[in-house]
Structure formats: C-alpha cells, structure tokens
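What follows is one structure encoded as structure tokens, with my remarks underneath.
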Amino acid sequence: LYPASCLLHPASCIFQDTRGQSTIATFPIVALLLILLLGFGAFVVKIRPAQVAVAAAARSCARAATTTVDQEQALALGVATGLANLNAYHLDPNRATVSVAALGPWDRLARVECQVTYTVDLRNVVFLALFAPGDPNKVLSATYASDVDPYVSKWGGK
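Residue numbering for the sequence shown follows my numbering, starting at 40 and increasing by one per position.
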C-alpha cells in the first residue's frame, strides 16, 4: 500500500523505494551485539582462566611459605611455588610477579602474605584493537594471607 500522498501526486511516488530500511535500522543493534560477544569471549577464554590460576598461585605460595622454620627459605619457597603453580596452569611465569612478605616477626602463627600479579596479553583477540584501542594487556592480581604452621618442628622451644 502506498501513502495517501501518492494518490494526490502519483509522480512523486514512482521513485520512492522503502526496501532495505530494516537492514539499516538493525545494523547498530548487530554491531552492539558483536561487541558484547567479543568482550564475553575475551573474558571466558583469556581472562577468567588466568584469574583462577592467579588466585590458586597466591594460595599455594602462601601455604608453601608457612611450612618452613627458616624465614628466608620460606619466602624463597613461596615465590618458587607460586611461579610453578602458574606454570602448571600453562601461563607464562615471565609475565608474572610473585611477592611474599612476613607480617611481623617470624615465629609460630606469624602472618605471611603472598601477592601474585599476572599480565594477560589480549593482542590476539579478534577485533579487540578496533573496539578497545589502547593497552592490550589486562593485569590480574590476587593476594592471600596465611599463618605460619604452629606444628612445624624445631622452633627451639618457642
């Protein structure tokens, strides 16, 4: 059906073509859905597995650091365990930093805190540079604190 103006002026309606209007109207919606889908894909494939690995590495780092009597040995063991845990999750340990610190004097029930940060490279996510220009890296961080094991032997009567 033609509008009423075509009945009054039929010559003006000869070249009027409304086909394709719905295609143009749906393009912004499709583009928005594509952006959301790419963001969700980057989160599910790259970011979330790395978040789980970083949290597990922080926990294992703190747990390993609390099982040794010697403070220097414990802190070194915590760092090594955190990096080994990241490697077990197939993440590059060179993109990570692991720091372990004793929160107070080193004795029974002392508090040990381990912080692990990891940089996820998002450069190989398709079209991410088009929609999110800037730094293609996402820094993830996890902190875990634990008490030194009170039942470790050889505390010297403390």
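Built from N, CA and C at the ideal position, the CB exists for glycine as well. All values reported here derive from a predicted model rather than from experimental measurement.
Residue range of the beta strand (DSSP E) that includes residue i
i	result
Leu142	135 to 142
Val155	150 to 160
Val178	176 to 186
Neighbour-count burial assignment, residue i, 16 or more Cβ in a 10 Å radius
i	result
Thr105	buried
Leu40	For Leu40, the predicted structure reports a pLDDT of 49, less than 50, and the residue's modelled location is therefore unreliable. A value from the coordinates is still provided. Exposed, because fewer than 16 other Cβ atoms sit within 10 Å of the Cβ of Leu40.
Leu179	buried
Gly173	exposed
Gly117	buried
Val159	buried
Leu114	buried
Leu142	exposed
Val91	exposed
Val139	buried
Gly196	Confidence is the limiting factor: at Gly196 the pLDDT is only 49, short of 50, which leaves the residue's position unreliable, though a coordinate-based value still follows. Exposed, by the Cβ-count rule.
Leu130	buried
Val83	exposed
Val187	buried
Tyr190	exposed
>> Does the structure place the region 176 to 186 close enough to the region 139 to 159 that three or more beta carbon pairs sit under 8 Å?
In response: Verdict: yes, contact present.
> Does the count of Cβ pairs from the region 105 to 121 and the region 63 to 83 closer than 8 Å reach three?
Replying inline: no
>> Check whether the region 89 to 101 and the region 111 to 122 touch, using three or more Cβ-Cβ pairs below 8 Å as the test.
In response: yes
>> For a minimum of 4 consecutive residues, which ranges assigned as the alpha helix (DSSP H) are wholly contained in the region 83 to 128?
In response: 87 to 104, 110 to 127
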